[in-house]
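So the structure is just underneath, and the comments pick up after that.
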Amino acid sequence: PVMSSEQCAANGGRRSRTALGRTAARAAHPADALHCACRCMGPALMPRPPPTRCRVRLTIADTSLYPLCHARVQDDIEAYMAKEGRSAESALQKLHERYNGYKLSEQRLMARKVKLKVKIPDIEKTLGVVKRMKQAQEEGEASLGTHFDLADAVYAKAKVPLTEGQTVFLWLGANVMLEYTVEEAVELLTKNLATAQEALSSVLEDLGYIKDQMTTSEVNIARVYNWDVRERRKKDQAGGSSEA
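This note's numbering numbers the first residue of the sequence shown as 201 and each following residue consecutively.
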């Protein structure tokens, strides 16, 4: 049996968002999103089915995306408008709300993309420096020549002594730096670089999906608007014929 949120909490369970069936979803709809389901994590509980047929993409890039329904091209506009009660105003309002949701998600993803575009080169540069220090150690060099940044476009030559058990300090942000051995620094930076590149790939993929949904929504808005224009003309013509 499926329990409510209150029952689930009372039984010591917890709710979690789970991305289900990425491969299956894409096989059926290549541009489709992932199912968003809530699962009560308690003993002998079945997963709660999604309340609607809306889908949401869950990636490492941004799991806080506005939960959006997958936009489908309305080929049969008459059937769609009949479902909406033949009210163009109501249908356009829903379509515009969905379009604005896609726009909001696009803005979040673009901001995430810009941050990653800045972050990845910094990680690559730092990783290259640490690898060079490790290489110099392995080759038995006593020191490593470098240029020390004094100010904007002002550098001074410097030598970094290479000792046994050499350590480096990595900037973590928020005025925090941590000391690592060269080997630990290489391992950490390599892992961070792979994570950032994977996140950027997911962001680009999500951006492509969002743009497809926005295009589909624009097409649907145009079709509903054209349907409304045709219906108004029919009413005007019918009114003119009755007066004649």
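Every residue gets a Cβ at the ideal spot worked out from N, C-alpha and C, and that includes glycine.
Which residues bound the beta strand (DSSP E) around residue i?
i      : result
Thr346 : Ser343 to Ala351
Leu362 : No beta strand (DSSP E) holds Leu362; DSSP gives it neither H nor E.
Val273 : Taken as a continuous stretch (DSSP letters only), Val273 belongs to no beta strand (DSSP E), as it is neither H nor E.
Glu379 : Val376 to Thr381
Let me check understanding here. Comparing Cα to Cα, which of the options lies closest to residue i?
i      : options                           : result
His347 : Gln337, Lys434, Val360 and Glu339 : Val360
Leu179 : Asp349, Val429, Val424 and Leu400 : An answer regarding residue 179 cannot be provided, because it is not within the stretch 201 to 444 covered by the chain.
Gln293 : Glu418, Thr395 and Gly439         : Glu418
Leu370 : Lys283, Thr363, Glu364 and Glu379 : Glu379
Ala461 : Ile320, Glu297, Ala353 and Cys269 : The structure shown has nothing for residue 461, since the chain only spans 201 to 444.
Ile277 : Gln337, Asp349, Leu388 and Ala422 : Ala422
Gln366 : Asn426, Gly373, Gly340 and Asp349 : Gly340
Asn300 : Glu364, Cys269 and Asp275         : Cys269
Taking residue i and residue j to be in contact with their CB atoms under 8 Å, please state how far apart those CB atoms are, rounded to whole angstroms.
i      : j      : result
Val273 : Asn420 : 7 Å
Ala271 : Val424 : Actually they are not in contact, since the Cβ atoms of Ala271 and Val424 sit about 13 Å apart, beyond 8 Å.
Val382 : Leu309 : About 36 Å separates the two Cβ atoms, so there is no contact after all.
Asp428 : Ala288 : 4 Å
Gln437 : Tyr302 : Actually they do not touch by this definition, with Cβ atoms about 37 Å apart.
Thr326 : Leu372 : About 12 Å separates the two Cβ atoms, so there is no contact after all.
Please classify residue i as buried or exposed, where buried requires at least 16 other C-beta atoms within 10 Å of its C-beta.
i      : result
Val330 : buried
Gly328 : exposed
Thr416 : buried
Ser343 : exposed
Val368 : buried
Following the continuous alpha helix (DSSP H) through residue i, name the residue where it begins and the one where it ends.
i      : result
Glu284 : Where Glu284 is concerned, there is no enclosing alpha helix (DSSP H), given that its DSSP letter is neither H nor E.
Expressed to the nearest angstrom, what Euclidean distance is found between the alpha-carbon atoms of residue i and residue j?
i      : j      : result
Asp322 : Leu407 : 23 Å
Leu362 : Tyr355 : 21 Å
Arg253 : Arg298 : Confidence at Arg253 is low in this model, with a pLDDT of 39, below 50, so its placement is unreliable and the value that follows should be read with caution. If I take the Cα positions, the gap works out to 14 Å.
Val386 : Met377 : 16 Å
Asp349 : Val318 : 20 Å
Lys391 : Gln307 : 27 Å
Gly439 : Lys411 : 42 Å
Lys334 : Leu295 : 57 Å
Ala279 : Gln397 : 44 Å
Arg312 : Ser305 : 11 Å
Gln337 : Gly345 : 13 Å
His235 : Val314 : At His235, the pLDDT of 32 sits below 50, so the modelled position is not reliable; the number obtained from the coordinates is stated separately. Roughly 27 Å between the two C-alpha positions.
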